[in-house]
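Residue numbers (the numbering used here): 3 to 198.
The beta-carbon is built from N, C-alpha and C at its ideal position, and this holds for glycine as well.
Keep in mind that this is a model prediction, so the values were computed, not measured.
Following: one structure in structure tokens, then a few remarks.
Given below as structure tokens:
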């Protein structure tokens, strides 16, 4: 015999499960409606992309065209073999851009870009020069430390002379103290022992 109980926990769980199922169904249908409506747009965009990709491939095969007035050419650093050559090249680009009697806005932009590249190259050149100077200074310091200094031998002899004089003074003081003790003179107490 099957008994049906009206347990409140069981009915609460089933209500919760039913609500979750309805919520999932609603979310699924909303997503399907949204994705289905956008599917046409997505297909249209994909078609346009494939058309532009096939059109752009022949454009890449075209011959090199000379830039007309007002077109900006991208030139990457370094332009020359050295930074000085690069700076000269950018100065030439800047002067060419401003050589027209009435330069256009694009010419001004090209001149500004060339000026920025000139400043960048000059800053890089200054950093390299500073690095070279620091390396030369370090090398000269190391070389001076490695070379035997001629004053060392004179310093050694003067140091030996000074030590010999101190030794002579110490032996003279010792001989005076021993002769004073032999004649009955007592050693004086140190000053700190008199205070205490």
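Fill in: Where residue 129 falls: helix, strand or coil (DSSP)
To locate residue 129, count along the chain shown from 1; it is residue 127. In this structure, residue 129 counts as helix in the three-state DSSP scheme.
If you reduce the DSSP assignment to three classes, tell me which class residue 33 lands in. Within the chain shown, numbered from 1, the residue matching residue 33 stands at position 31. In the three-state DSSP reduction, residue 33 falls in the helix class (H, G or I).
Using the beta-carbon count (16 or more within 10 Å), is residue 199 buried or exposed? Past the edges of the chain, shown from 3 to 198, lies residue 199, and the structure says nothing about it.
Quick one: what's got a C-beta closer than 6 Å to residue 93's C-beta in the same chain, skipping five residues either side? Translated into the one-based positions of the chain shown, residue 93 becomes position 91. Residues of the same chain with their beta carbon placed closer than 6 Å to that of residue 93 are lacking, with the five preceding and five following residues left out of the count.
*asked:* What would DSSP say about residue 149, mapped onto helix, strand or coil?
replied: By one-based count along the chain shown, residue 149 stands at place 147. Residue 149: coil per DSSP, three-state reduction.
Measure the CB-CB distance between residue 113 and residue 99 and report whether it falls below 8 Å. For the purposes of this step, residue 113 is taken as residue 111 along the chain shown, with counting starting at 1. For the purposes of this step, residue 99 is taken as residue 97 along the chain shown, with counting starting at 1. Closer than 8 Å, so yes.
Cα-Cα separation, residue 163 to residue 136:
Position 161 of the chain shown holds residue 163. Position 134 of the chain shown holds residue 136. Residue 163 and residue 136: Cα-Cα distance of roughly 41 Å.
Where the alpha helix (DSSP H) through residue 94 begins and ends: As a position in the chain shown, residue 94 is number 92, starting the count at 1. Where residue 94 is concerned, the enclosing alpha helix (DSSP H) stretches over 85-99.
Taking buried to mean at least 16 other C-beta atoms within 10 Å of its own C-beta, is residue 25 buried or exposed?
Against the chain shown, residue 25 aligns to sequence position 23. Here residue 25 is exposed: its Cβ has fewer than 16 other Cβ atoms, across all protein chains shown, within 10 Å.
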